[in-house]
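Protein chains: 4
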Amino acid sequence: MIIVMKTSATPADIEQSVKNVEALGMKANIIQGTERTVIAAVGEERVAGIRSLESGPAVDEVFSILAPYKMASREAKPESTTVRAGSLTVGNGQIGVIAGPCSVENEEQIIATARAVQQAGATALRGGAFKPRTSPYSFQGLKKEGLKLLAKARAETGLAVVTEVVSPSDVPLVAEYAEVLQIGARNMHNYRLLEAVGRCERAVLLKRGPSATIDEWLLAAEYILDGGNPNVMLCERGIRTFEAHTRFTLPLATVPFVQQKTHLPVVVDPSHGTGHTHLVPAMSRAAIAAGADGLIVEVHPEPEKALSDGYQSLTFEQFEDMMGGCQRIAAAMERQLGEWTATQPARTG
Amino acid sequence: MIIVMKTSATPADIEQSVKNVEALGMKANIIQGTERTVIAAVGEERVAGIRSLESGPAVDEVFSILAPYKMASREAKPESTTVRAGSLTVGNGQIGVIAGPCSVENEEQIIATARAVQQAGATALRGGAFKPRTSPYSFQGLKKEGLKLLAKARAETGLAVVTEVVSPSDVPLVAEYAEVLQIGARNMHNYRLLEAVGRCERAVLLKRGPSATIDEWLLAAEYILDGGNPNVMLCERGIRTFEAHTRFTLPLATVPFVQQKTHLPVVVDPSHGTGHTHLVPAMSRAAIAAGADGLIVEVHPEPEKALSDGYQSLTFEQFEDMMGGCQRIAAAMERQLGEWTATQPARTG
Amino acid sequence: MIIVMKTSATPADIEQSVKNVEALGMKANIIQGTERTVIAAVGEERVAGIRSLESGPAVDEVFSILAPYKMASREAKPESTTVRAGSLTVGNGQIGVIAGPCSVENEEQIIATARAVQQAGATALRGGAFKPRTSPYSFQGLKKEGLKLLAKARAETGLAVVTEVVSPSDVPLVAEYAEVLQIGARNMHNYRLLEAVGRCERAVLLKRGPSATIDEWLLAAEYILDGGNPNVMLCERGIRTFEAHTRFTLPLATVPFVQQKTHLPVVVDPSHGTGHTHLVPAMSRAAIAAGADGLIVEVHPEPEKALSDGYQSLTFEQFEDMMGGCQRIAAAMERQLGEWTATQPARTG
Amino acid sequence: MIIVMKTSATPADIEQSVKNVEALGMKANIIQGTERTVIAAVGEERVAGIRSLESGPAVDEVFSILAPYKMASREAKPESTTVRAGSLTVGNGQIGVIAGPCSVENEEQIIATARAVQQAGATALRGGAFKPRTSPYSFQGLKKEGLKLLAKARAETGLAVVTEVVSPSDVPLVAEYAEVLQIGARNMHNYRLLEAVGRCERAVLLKRGPSATIDEWLLAAEYILDGGNPNVMLCERGIRTFEAHTRFTLPLATVPFVQQKTHLPVVVDPSHGTGHTHLVPAMSRAAIAAGADGLIVEVHPEPEKALSDGYQSLTFEQFEDMMGGCQRIAAAMERQLGEWTATQPARTG
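In the order they appear, the protein sequences are chains A, B, C and D. Our numbering puts the first residue of the first sequence at 67, with every later residue one more than the last. Our numbering puts the first residue of the second sequence at 67, with every later residue one more than the last. Our numbering puts the first residue of the third sequence at 67, with every later residue one more than the last. Our numbering puts the first residue of the fourth sequence at 67, with every later residue one more than the last.
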């Protein structure tokens, strides 16, 4: 911790800040600058009350030196983590591809989609059963019935199921039906939910909140790891900025940056990250070129009739084209994209 | 709903969009422009699937005409709502003042703070028992023990208790101890929690999420109103922007804007909204001058020793000064600030 | 400068960074932490090449300790600056009020507006002659003709003229007609223009760029001060954020924050800061309550017919009402608002 | 133009808005909704005073239907533009690569860099002679001397020169030495400068302002096109958001989005777009995968000793590696990257 004193700081003020540092079990080094005094506090920063150092009488600013997370850091575990969940493998050169509709709507829709995305090379099926919707007047999901339909789609195709859980009390139920529990962007800060999936044996896909910093996101992962669950995939799905032509802004520099900070794999969601069908293929390719470990993409048999997110869903044909374009990029990166095999036509997206 | 077709739209594309509009029970008006065709869809926009209109074959953009919320709108209820909860009154000229520590830490701390803020004119006591913390290594709150201490502070002072609830399953417990249930900014999108407090009889303080739009915020209120609970106070606590010198950016134009859109009262949180003790008094005054219906402010006996948020907490003396400055602004606005009486010294903040 | 080394840094890496520090004339203090080494560089940070310290072989992050500006800092000049320009006084308890149309359109418009705003208590007249417009198809201003009309309005009323200059080559011409040269938000980073007004004897109103940090804004002021012109007023006019219901987001915490960092007075522009007529009065009051040293407000005889910015302009009557409300807040702050006298009716805004 | 009336609008209010529409030469269509009346104004929207429609007595909101730019739109020119300037070709499958130092520092530096980037496949040399610097205490560039050194580097290598111009009065001088005039991000709104390069015969690289919307950026291009210069390349270089781990946020979805709206080619700047050397290669690859028409990258012989931007510059070896990685992505996209030939080693970046 670096504590920058105000230029007006008196020796007594500095002494007080030193005492505050020592009270937290850290050692204080005083550096006398030309205009200001700086106190470098050495020791464990991840302790309750650390931010109270900012309240010293003549403290101007405080900078952290250590990352606030531990178990999620690459320093704690230098080798990259591979997450495996049924048919899905993500990390260390395997690019997992999760595809499917925003919401499970009915049996025909989910089975048809599962088959189509599998044929195009996807390795897991997404589909929402519990939907966190901005408006109480929107479709709220089929709930348990939706989970059963997802299980049926898995039985038909062998694809692992990825679905969202929105409440701690639903975790056991959802874990019964799905290989991967998704924490949605709006629940990234729902610490009770993070604790609940941390105690669970299923893999977790942790979406970044639209205004979460990298540190906040990795601390959310830390809650899950700290609960005993090591199978965490991070998912960048776009942040909120002044840009209005896309639903969110998809900041792909997150991918290489986060991969340096953590051993956990990073999946990209170009559907929510752009909010427009026509931008999804280009951003899928870009995500892979940036080094992403996976993709999660919305696909629907008839986007115009979708009960949610139709405007950002691909048709089966569009998804197949997208996979063709992505495959060529993955090959250029010397990585394996989903279950892509030579039998698929190498279309360009 | 206004549907703007691409310049390349064919008559068949336009016909398809008209059919999509009609399938949702709306009437389509076609407007032939010089460069583009626009379809004005007349009817109820607050229906499941409305956004699928964006997926039409040659649709360029879609604009909503109606607010997505109903019960929260001023059109639904033109007169402003006054929320009353024990000693706290907010709205219609009464500026409620909620003050207290970020976290309840121990009996001495909460009782001393309750007395001090009451003496300075506050009309409710805040204090966190269940704390949603970014880091699993931070102080997580005293939980039920904290609620009991808050009840003791109420018994001593008569101040209504405002405290956060973070999980649907905790709602009954917290409602037993508190007059006002606070939904924190990070839970604004936790729809299960909104539904749970919507079924509760306690008043609710609904904080705005740091990247929530006004519509998303009022839709969160709609969840609560729709559940049957009319006693909702909105709370602006700052948004996330590129500004790094404050913890969040406090956009006070929200206050008059939201007051036009909704009948619900709007409280401002200058503590989280700035993140720095020294900015709190100025922004408290500004909030009142902008027409805010209430304030919620962090106060701690010894901010330097606070287990959370010390850097943005006021000391008792700083809070008393702040109230003096605010009182003069409230008087200029012909409003009543908390329990301010002539016996308090009229200090300037 | 604090240089945080990577955990992987070798002694040779650290030695290299120490050499880089010393090459810039600074002294390096090495602090050995539990996980990382930190180098505290003591000395003048405001030198060319300082940021190259980030390029050291194993450098993780670099933090500045000193403000990057000197002459603008309160440390360089502890007492607040009062700027005087003809009838306009801003700072040290005098709240200057600059009002008038976005663009000078014709003689009748500017003279009528000058008289109306003066009667309501304004102390300077604004009006654009050279207009920087986003679109080449928008009204570009009357240019020299507009300056002459402003001079005529001053002759009629005695009000100081505030008008924008958009090119270094126009500075002499504009300085001939105006008491205050305005640097618009879109020119805050136009360093040639800053240098030109720095060499001029007229006072300068320096608007903050919509995505400028506080440091960048004060460095822009530093360019002017460094050129020899001490009469700089800062103007907060809103920043670009994800908020779409206002044209910009007006972050009033800037006012007290910047007043701590600099001795220069801070004026607020609630017209551009909100972009909506109906939000201007509330934000004008809030600005004064936050401690602003001045206001700049758009006023037009007939906003519906304005050639620019009509949607954020006040009518004469609305401005008079606004001034009434502001006057009550200014009185509560024990400050003098413009030329407000007892002869004006004390309306509430 | 779609004008949404307030629910409180009277027939007289609607009539007034219709008159305002007609006064601008447009035709008004009145659509009577269930809750509100909407006026669809048909006709040319790109006229002075159009925004005054927002000032109508009971107008709630106004939406534009037509893009505000004309000549830059793909509707005006459906086929994509190829820009050629000396050795540089950008557009229609040719990915131009512009590389070189932030600032020209001395002859040895610029000649060595020109040779190195050419050998690695770059097709143009960048280098700043006139530097717009945030701080008056930073290195301001070698000015005319720098231009001469760039010309010398061109003489040695044949590479086209891309360099920034910061003032209208410098345009003739810079145009004498450079094939491409760069408008920096901070000058995107400097309309006098845009007009000046619009009258010039040199190609222009127009950087996006860090808080400019797409419409504002394309309107800046419109100024240049409108001046008679058709050779405009757009350059996305990152926007300002709450993300602090990168200098700016590089929103690559801009690339496919803008390519739909305009016929002008889109270049990406991963150096300013990330601000960190180690993120540049991944974002260069991602830009190409997203369909970018060009790259502009900072390269320096010794980034640690650079007078500006060293922290985001690549060494010669890093640039060569980056080009190897990009080449594989370009090949996967069936595009030609710079002057890449089989003689270069196909390294992976």
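All C-beta atoms in this analysis are idealised placements derived from N, C-alpha and C, irrespective of residue type, glycine included.
Query	Result
Quick one: which chain C residues come within Cβ less than 8 angstroms of Leu316(B)?	Pro317, Leu318, Ala319
For the beta strand (DSSP E) that contains Ile249(B), what are its first and last residues?	246-249
Counting only beta-carbon atoms, is Met67(D) nearer than 8 angstroms to chain A?	no
Please check if any C-beta of chain B sits within less than 8 angstroms of the C-beta of Ala286(D).	no
Quick one: using the 10 Å Cβ neighbour count with 16 as the cut-off for buried, is Ala269(B) buried or exposed?	buried
Within the continuous alpha helix (DSSP H) that includes Lys210(B), where are the two ends?	210-223
If we ignore side chains and look at the alpha-carbon of each, how far apart do Ser139(D) and Gln326(D) end up?	9 angstroms
Return no unless some Cβ of chain C is closer than 8 angstroms to the Cβ of Ile161(B).	no
Please name the residues in the stretch 356-367 of chain A whose beta-carbon is closer than 7 angstroms to at least one beta-carbon of chain D, in chain order.	Ala356, Gly357
Does the Cβ of Ser74(B) have 16 or more other Cβ atoms within 10 Å, making it buried, or fewer, making it exposed?	exposed
State yes or no: is the beta carbon of Ala165(B) nearer than 8 angstroms to at least one beta carbon in chain F?	Protein chains A, B, C and D are contained in the structure displayed, whereas chain F is not.
Whose CA, out of Asp375(B), Thr320(B), Gly376(B), lies closest to the CA of Thr312(C)?	Thr320(B)
Since Val228(B) and Val240(B) should fall inside the 8 angstroms C-beta cutoff, what is the C-beta to C-beta distance between them, to a whole number of angstroms?	Actually they do not touch by this definition, with Cβ atoms about 11 angstroms apart.
My guess is that Pro234(D) and Arg258(D) are in contact by the Cβ rule of under 8 angstroms, so how many angstroms apart are they, rounded?	5 angstroms
Taking Asp126(A) as part of the alpha helix (DSSP H), name the residues at either end of that continuous run.	First-last for Asp126(A): 125-129, but that is the beta strand (DSSP E), not the alpha helix (DSSP H).
Within the same chain, show all residues whose beta-carbon is closer than 7 angstroms to that of Ala195(A), passing over the 5 residues directly before and after it, in chain order.	Val170, Gly207, Leu208, Lys209, Gly212, Leu213, Leu216, Thr229
Give the DSSP-derived three-state secondary structure of Gly339(A) in the structure shown.	helix
Among Glu111(C), Ser379(C), Gly99(C), Glu145(C), whose alpha-carbon lies nearest the alpha-carbon of Glu107(A)?	Per the sequence shown, residue 107(A) should be read as Ala rather than Glu. Comparing Cα positions, the closest option is Gly99(C).
Excluding five sequence neighbours on each side, which residues of the same chain lie with their C-beta closer than 8 angstroms to the C-beta of Val128(D)?	Met67, Ile68, Ile69, Val70, Arg117, Leu119, Glu120
Buried or exposed for Lys197(D), going by 16 or more other Cβ atoms inside 10 Å?	buried
Does chain D have any CB closer than 8 angstroms to the CB of His311(A)?	yes
Buried or exposed: where does Arg265(A) fall if 16 or more other Cβ atoms within 10 Å of its Cβ makes it buried?	exposed
Which bits of chain D does Thr279(B) rub up against, with CB to CB less than 9 angstroms?	Ordered by position in chain D, no residue passes the 9 angstroms Cβ test against Thr279(B), which lies about 14 angstroms from the chain.
Comparing the C-beta of Leu300(C) with each C-beta of chain A, is any distance below 8 angstroms?	no
Can you give the Cα-Cα distance for Val231(B) and Gln184(A), rounded to whole angstroms?	42 angstroms
Arg112(B) to Ala151(B), Cα distance in whole Å?	32 angstroms
Would you list the one or two residues that DSSP bridges to Glu364(D)?	Gly166(D)
Give the straight-line distance between the Cα atoms of Gly360(C) and Thr279(C), rounded to the nearest whole angstrom.	21 angstroms
Since Asn297(D) meets chain B, which of its residues come closer than 9 angstroms, beta carbon to beta carbon?	Correct list: empty, because the minimum Cβ distance to chain B is about 25 angstroms.
For the beta strand (DSSP E) containing Ala106(B), name the first residue and the last one.	103-108
Tell whether a beta-carbon distance below 8 angstroms holds between Leu260(B) and Ser153(B).	no
If you measure from the beta carbon of Ala412(D) to each beta carbon in chain C, is any gap under 8 angstroms?	Unreliable placement is indicated for Ala412(D), whose pLDDT of 43 sits below 50; no coordinate value is reported for it.
Buried or exposed: which applies to Gly193(C), given that a residue is buried once 16 or more other Cβ atoms fall within 10 Å of its Cβ?	buried
So Phe308(D) contacts chain A; which residues on that side make the cut at Cβ distance below 9 angstroms?	Ser277, Thr279, Ile305, Arg306, Thr307
Can you give the beta carbon distance from Tyr135(C) to Glu309(C), rounded, assuming they're within the 8 angstroms contact cut?	Their Cβ separation, rounded to whole angstroms, is 29 angstroms, which puts Tyr135(C) and Glu309(C) out of contact at 8 angstroms.
Between which two residues does the alpha helix (DSSP H) containing Arg351(D) stretch?	346-355
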